[in-house]
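Colleague: Quick one: structure below, then a few questions.
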Amino acid sequence: MSGIDSHVEMGKNARPDLSHVGIYVTDIKKIETFYCDVLDLIVTDRGAGRRFKNDLVFLSGEPTKHHQLALASGRAPGTASTVMQVSFQVPTLAKLRAVRDKALANGAKELFGLNHGNAWSIYFHDPEDNVVEVYVDVPFYVPQPHGDPLDLDKSDEEIFQETEAVCRRDPGFMPLADWEARMRRLLAGGPS
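Note that the sequence shown covers residues 247 to 438 in my numbering.
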């Protein structure tokens with residue numbers, strides 16, 4: 247095994263790990279500004295592609311990731327977005343509220359909140375109608391899809407208590423740690 251192979255495999259899952267997403271856009275500067283302003287991403291690189299001649303902008307909010315989002319010119323004006331959603335995680339409800347406020351101030355459309363039981367999410371459309379989800383993980387598992395309204399104007403404690411009560415009523419409920427242990431067994435080829 248070469249030095250680079252041993253470095254890459256240390257502590258990594260043998261399966262491919264989704265690390266970033268790229269989307270075609272119409273107005274690359276407008277979309278770059280939106281994601282930088284709303285999600286505090288920074289531009290790590292930009293330029294024209296060599297294999298395909300589109301303009302590219304690479305954005306990240308993590309010091310260990312060259313990019314989390316790649317923007318590519320080439321989407322024809324007036325064409326519908328084919329992006330189901332681009333999702334970003336934040337650590338707290340306070341940060342989720344801050345993103346909501348920034349998104350609305352920067353032209354996000356159709357913003358709404360959902361309590362998935364395992365996550366608190368907001369969804370909105372960027373200026374080119376790509377759907378963006380921003381979420382906070384919750385320490386519970388309930389079978390998905392699950393989506394109750396999320397009112398971010400309630401206190402953190404109220405949201406947590408409501409979520410826990412709803413989740414515990416679901417027959418598939420389990421603490422997140424139990425679900426993660428189950429996933430480790432399944433990914434290792436063991437029984438569920």
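Idealized CB from N, CA, C, for every residue including glycine.
Taking the alpha carbon of Leu336 as the point to measure from, which residue in Val382, Glu403 and Thr325 has its own alpha carbon closest?
Modeller: With the sequence shown as reference, residue 336 is identified as Val, and Leu is not the correct amino acid for it. Checking every option, the nearest Cα to that of Val336 belongs to Val382.
Colleague: The beta strand (DSSP E) spanning Ala294 covers which residue range?
Modeller: Ile288 to Ala294
Colleague: Given a cut-off of 8 Å, decide if Asp416 and Gly359 are closer than it, judged by their beta-carbon atoms.
Modeller: no
Colleague: Looking at the unbroken alpha helix (DSSP H) that takes in Asp424, where does it start and where does it end?
Modeller: Leu422 to Leu433
Colleague: Look at Val284 and Leu305 and say whether their C-beta atoms are less than 8 Å apart.
Modeller: no
Colleague: State the DSSP-derived secondary structure class of Asp402, mapped to helix, strand or coil.
Modeller: Correct three-state label for Asp402: helix.
Colleague: Among Arg346, Phe334 and Glu374, which residue has its Cα nearest to the Cα of Glu278?
Modeller: Glu374
Colleague: Exposed or buried, Val267, counting other C-beta atoms within 10 Å across all chains shown (16 or more means buried)?
Modeller: exposed
Colleague: Rounded to a whole number of angstroms, what is the C-alpha to C-alpha distance between Gly293 and Asp394?
Modeller: 42 Å
Colleague: Mark Arg321 as exposed unless 16 or more other C-beta atoms lie within 10 angstroms of its C-beta, in which case mark it buried.
Modeller: buried
Colleague: Going by the beta-carbon positions, is the gap between Glu379 and Ser367 smaller than 8 Å?
Modeller: Yes, they are a contact pair.
Colleague: Threshold first: 3 residues or longer. Then list the beta strand (DSSP E) segments lying entirely within the segment 255-285, N to C.
Modeller: 267-271
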